[in-house]
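Have a look at the structure below, then the notes.
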Amino acid sequence: SAPRARVLVARPVFAEVHERLGQHFDLRSHDSDVALQGPALAHALQDCEGVFIAGVEQIDAALLQACPRLRAVCSMAVGYNNIDLQACTARGVLVSNAPDVLTETTADFGFALMMATARRLSESEHFLRRGDWKAWRYDLFAGADVHGSTLGILGMGRIGQAIARRGVLGFGMRLVYHNRSRLPAPTEASLGAQWLERDALMAEADHLVIVVPYGPESHHLVGAAELARMKPTATLTNIARGGVVDDAALARALRQGQLAAAGLDVFEGEPQVHPELLALSNVVLTPHIASASLATRRAMALLAADNLVAALTGGEPPTALNPQVLALRQPG
Ligand code: 8YV
13 SAPRARVLVA RPVFAEVHER LGQHFDLRSH DSDVALQGPA LAHALQDCEG VFIAGVEQID
73 AALLQACPRL RAVCSMAVGY NNIDLQACTA RGVLVSNAPD VLTETTADFG FALMMATARR
133 LSESEHFLRR GDWKAWRYDL FAGADVHGST LGILGMGRIG QAIARRGVLG FGMRLVYHNR
193 SRLPAPTEAS LGAQWLERDA LMAEADHLVI VVPYGPESHH LVGAAELARM KPTATLTNIA
253 RGGVVDDAAL ARALRQGQLA AAGLDVFEGE PQVHPELLAL SNVVLTPHIA SASLATRRAM
313 ALLAADNLVA ALTGGEPPTA LNPQVLALRQ PG
């Protein structure tokens, strides 16, 4: 029989994923949480035809150049700003992401983080744990209501719409949003959604949730000028990518009271977190876990594995980002 293709599992993942991939491929694995990057990633990928990654490993033109045998890059994340898709397509490298399976779980977390931010969950728990709770007070950690308020969504894709449904159907919120393209009219009508220019969205939202993909067009989409438009009682929640928000400007705006609080699951330069954000009490900070239910992480990883198997065994990868490269392949 033909020699099995060599595949790198570039990070620790469920044993089940290794088992599934091991049925088809000669596996190598990187078992440290410290991501392989640059020359170390290229070295680990020597002679590999496929790689299983998360949203962390950088796949760029230099890496592709150094790994000429590579034919498939399969990520267990929906966001693929870590992958140079154009460079991969130019080299005939199939790329897949892991959409859909994480939508509802990620929306649950986005909503939870927004609520925790509005109702000052972290701050009040720390207060209690410190032993500072001495008495009931009428204004003790009084926050902002979520129900009946105005939910602003920046980036109305699959996850944005899932958050919108929670807000409108479950919490009676009024929905305003900004997106490059508007929702179809029936969807807008069913949610009572109102499209706004970005500046108007910043000014209207009581609770702003950011769910846009990251790229050059969305780098620092929310910076000092945008934050200055927010209501002083408003909250901002970011579950997209760190670079969408200017973290230094956000810390300054929070300190100056331009908005009330922020909930952040993603950070510029994560896992490092801006020290000025760490110093603030009116922030809820989580380590990029919006998609992290066990069932969903498993579904994401298995979807990435299915893509990898299909890409290297002549099948149809279920969630390919550049399926056109398969048409160019030599048979056999
Ligand atoms: C991942 C994410 O946990 O899917 C994404 O885009 O940001 C998260 O769900 C992270 O990228 C690691 O794969």
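Residues in the sequence shown are numbered from 13 upward in steps of one, following UniProt numbering. Heads up, the beta-carbon is just placed ideally off N, CA and C, and yes, glycines get one too.
Practice task
May I ask you to check if the CB of S305 is nearer than 7 Å to at least one heavy atom of ligand 1?
Solution key: no
Exercise for the section: Quick one: give me the first and last residue of the alpha helix (DSSP H) that V107 is part of. Expected result: Note, V107: premise wrong, no alpha helix (DSSP H); beta strand (DSSP E) at L106 to S108.
Exercise for the section: Work out the CA separation of H36 and R186 for me, nearest whole Å. Expected result: 50 Å
Exercise for the section: Take F26 as the anchor and find which of S41, G160 and A78 has the nearest alpha-carbon. Expected result: S41
Practice task
Tell me whether the beta-carbon of R16 lies closer than 8 Å to the beta-carbon of D38.
Solution key: yes
Exercise for the section: Using 7 Å as the cut-off, classify the Cβ of M126 as near or not near the heavy atoms of ligand 1, replying yes or no. Expected result: no
Problem - Beta carbon proximity, A130 to chain D, threshold 8 Å - result: Included in the structure is just one protein chain, with no chain D present.
Exercise for the section: Could you give the DSSP three-state label for T162: helix, strand or coil? Expected result: strand
Handout entry: Nearest-angstrom Cα separation, counted from L57 out to N94
Key = 17 Å
Exercise for the section: Would you check if the region 296 to 304 and the region 146 to 156 touch, i.e. whether three or more CB-CB distances between them fall below 8 Å? Expected result: no
Practice task
Compare the Cα-Cα distances from L163 to each of D144, R142, G204 and E135 and report the closest residue.
Solution key: G204
Exercise for the section: Please report how far the alpha carbon of G62 lies from the alpha carbon of R18, in whole angstroms. Expected result: 7 Å
Exercise for the section: With distances taken Cα to Cα, identify the nearest neighbour of A110 among I171, R83, K146 and I175. Expected result: I171
Practice task
Locate the beta strand (DSSP E) running through residue 7, then write down its first and last residues.
Solution key: Here the chain covers residues 13 to 344 and nothing more, so residue 7 does not appear.
Exercise for the section: State yes or no: is the C-beta of M88 nearer than 7 Å to some heavy atom of ligand 1? Expected result: yes
Practice task
Could you tell me the distance, in whole angstroms, from the CA atom of A123 to the CA atom of D157?
Solution key: The sequence as given places Phe at residue 123; Ala does not occur at that position. So the two alpha carbons sit approximately 13 Å from each other.
Practice task
Would you check whether ligand 1 has a heavy atom nearer than 7 Å to the C-beta of L114?
Solution key: yes
Handout entry: Coil, strand or helix - R18 by DSSP
Key = strand
Practice task
In the DSSP assignment, find the unbroken alpha helix (DSSP H) run with T129 in it and report its ends.
Solution key: T115 to A130
Handout entry: Touch test, the region 129 to 138 against the region 191 to 204, Cβ-Cβ under 8 Å, three pairs minimum
Key = no
Handout entry: Straight-line Cα distance separating F64 from L97
Key = 15 Å
Practice task
Quick one: grab the DSSP three-state call for T249.
Solution key: strand
Exercise for the section: Figure out for me which residue from L233, H231, A260 and A265 has the closest Cα to the Cα of T247. Expected result: A265
Practice task
Put D144 into one of helix, strand or coil per three-state DSSP.
Solution key: coil
Exercise for the section: Rank A174, Y92 and M168 by C-alpha distance to the C-alpha of T117 and give the top, closest one. Expected result: A174
Handout entry: Check: A66 C-beta below 7 Å from any heavy atom of ligand 1
Key = yes
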